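Using my numbering, read the sequence shown as starting at 16 and increasing by one per residue.
Data block below; observations after.
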Amino acid sequence: MRNYYRALGADALLVLLFSVLGTVSHNGALTVSNLARVAWPFLVGLVLAHLVLRAWRVEPWRLWPHGVFIVAITVVAAMLIRTLVGDGTALPFVLVAFAVNALFLLGWRAIAGIVARRKRASVGTDDSH
Numbered sequence: 016m017r018n019y020y021r022a023l024g025a026d027a028l029l030v031l032l033f034s035v036l037g038t039v040s041h042n043g044a045l046t047v048s049n050l051a052r053v054a055w056p057f058l059v060g061l062v063l064a065h066l067v068l069r070a071w072r073v074e075p076w077r078l079w080p081h082g083v084f085i086v087a088i089t090v091v092a093a094m095l096i097r098t099l100v101g102d103g104t105a106l107p108f109v110l111v112a113f114a115v116n117a118l119f120l121l122g123w124r125a126i127a128g129i130v131a132r133r134k135r136a137s138v139g140t141d142d143s144h
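Here's what the structure looks like:
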């Protein structure tokens with residue numbers, strides 16, 4: 016379960032990074048209120064994704080199907096929330112949100128998966144003979 020909390024924390028930090036980068040790239044003031052306004056729909060979507068997928072029951076670095084669906088549910092839910100509250104969902108924004116969140120949320124999983132496989136492989140080889 017500890018690995019799950021680390022995974023959720025990594026996901027949340029990367030969603031916040033996406034929000035920071037988006038705010039800065041549009042010359043927005045990097046204030047707590049601005050960051051919260053941009054990030055909250057994505058963070059709600061992320062929590063929803065983890066709950067729907069029961070993400071705590073699998074290895075956190077699994078790309079398929081969990082990683083892919085975490086990205087999809089996170090961004091789709093965020094866009095629905097943004098629509099409901101009257102924030103923008105222009106196609107370029109949606110595409111950038113999908114691309115950046117996919118890069119971030121799948122990227123760390125890919126790296127963690129490689130590290131985990133290498134660890135298992137090195138534990139399986141015994142060079143003491």
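For each residue, glycine too, the CB sits at the ideal point set by N, CA and C.
Source: prediction; values computed, not measured.
Compare the Cα-Cα distances from residue i to each of the options and report the closest residue.
i, options, result
"L58", "L23, V109, R77, H81", "L23"
"F33", "L68, V86, R69, Y19", "V86"
"A125", "Y20, V83, L28", "V83"
Can you give me the C-alpha to C-alpha distance between residue i and residue j, rounded to a whole angstrom?
i, j, result
"D26", "T38", "18 angstroms"
"N147", "T46", "Limits of the chain in this structure are 16 at one end and 144 at the other, which puts residue 147 out of reach."
"M94", "T104", "6 angstroms"
"V100", "N49", "15 angstroms"
Suppose the cutoff is 7 angstroms on Cβ atoms and the five residues either side in sequence are ignored; what does the same chain contact list for residue i look like?
i, result
"H81", "L68, A70, V73"
Using a Cβ-Cβ cut-off of 6 angstroms (strictly less than) and excluding sequence neighbours within five positions of residue i, which residues of its own chain qualify?
i, result
"V90", "A112, F113, N116"
"A92", "G60, L63"
"L31", "A54"
Just mark residue i as buried or exposed, buried being the case when its beta carbon has 16 or more other beta carbons within 10 Å.
i, result
"I88", "buried"
"P75", "buried"
"A127", "buried"
"L29", "buried"
"H65", "buried"
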